[in-house]
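In the numbering used here, the protein residues as written are 747 to 1018.
The C-beta atom is built at its ideal place from N, Cα and C for all residues, glycine as well.
If you're wondering where the values come from, they're calculated on a predicted model, not measured in any experiment.
Here's the structure, in structure tokens; my notes come after.
Structural data, given as structure tokens:
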């Protein structure tokens, strides 16, 4: 079994993998092509501008995207890694972004994975229940109060609680990482996706999975040492392999993927 507990997946994705121009072989030039980055400006925006110097790279947030009309100027590529933690539900923002794509355009997105957040949603619910006297826990002015409640709850959490198994995340909480506390407070069960649920959700939005940002994570052979078993797994339909890999490997903690409109998926090069 692999051990990737120390990998900061979001950082690696934001700075390295989503700007891979090989995803778009149909684009002979990026001159005047429109790229939209949603959230994460400090990290992702400079990388996109460097990778695609001829493109028009714009920065936005989800509220502006949901209110905007892209029909006059649809996007060729949308980087939406931060939307997993937004207050909008998946169907709302994914449907909106898919409708904003040019034919053959693509979205790089991410969601919380079952393997990485099982138990944390239970902890989040406990914190919300103990914060019932706070009018709006999502408001910035109330964050310090909710964080104080969260620390008290975590201090009393038994060692057997499933959230304790998420060691890397719990260590961030114990160190007082404010971003981790925000992530936990806003977490809910509907924001946590198994591979199966994610594929169904993308399909329901009118999209199709193009590829995983880290396809190796979804190969069952990565987690199974027995050669014979690994060969049998390879014979399964691809979506089944992905699900088996997730369940056997208990990885990845978050799913990062490329998606396009179902009717017009990008034509990928052989390496994909």
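Presumed contact (8 Å Cβ cut-off) between residue i and residue j, rounded CB distance
| i | j | result |
| --- | --- | --- |
| residue 839 | residue 827 | Wrong, their Cβ atoms sit about 12 Å apart, outside the cutoff. |
| residue 1068 | residue 842 | Not covered by the structure: residue 1068. The range shown for the chain is 747 to 1018. |
| residue 1029 | residue 970 | No information on residue 1029 is available, as it lies outside the stretch 747 to 1018 that the chain covers here. |
Pair within 8 Å by beta-carbon distance, residue i and residue j
| i | j | result |
| --- | --- | --- |
| residue 960 | residue 1002 | yes |
| residue 912 | residue 944 | no |
| residue 991 | residue 963 | yes |
| residue 861 | residue 996 | yes |
| residue 844 | residue 974 | no |
| residue 869 | residue 1007 | no |
| residue 1004 | residue 852 | yes |
| residue 805 | residue 783 | yes |
| residue 892 | residue 931 | yes |
| residue 998 | residue 863 | no |
| residue 949 | residue 835 | no |
| residue 947 | residue 989 | no |
Paired residues, beta bridge with residue i - DSSP
| i | result |
| --- | --- |
| residue 1001 | 857 |
| residue 958 | 1003 |
| residue 780 | 802 |
| residue 852 | 823 |
| residue 919 | For residue 919, which the question treats as bridged, DSSP gives no partner whatsoever. |
| residue 847 | 821 |
| residue 939 | 859 |
| residue 953 | 1007 |
Does the region 848–861 come close enough to the region 880–892 that 3 or more CB-CB pairs lie under 8 Å? no
Examine the Cβ distances between the region 892–904 and the region 867–877 and report whether three or more of them are shorter than 8 Å. yes
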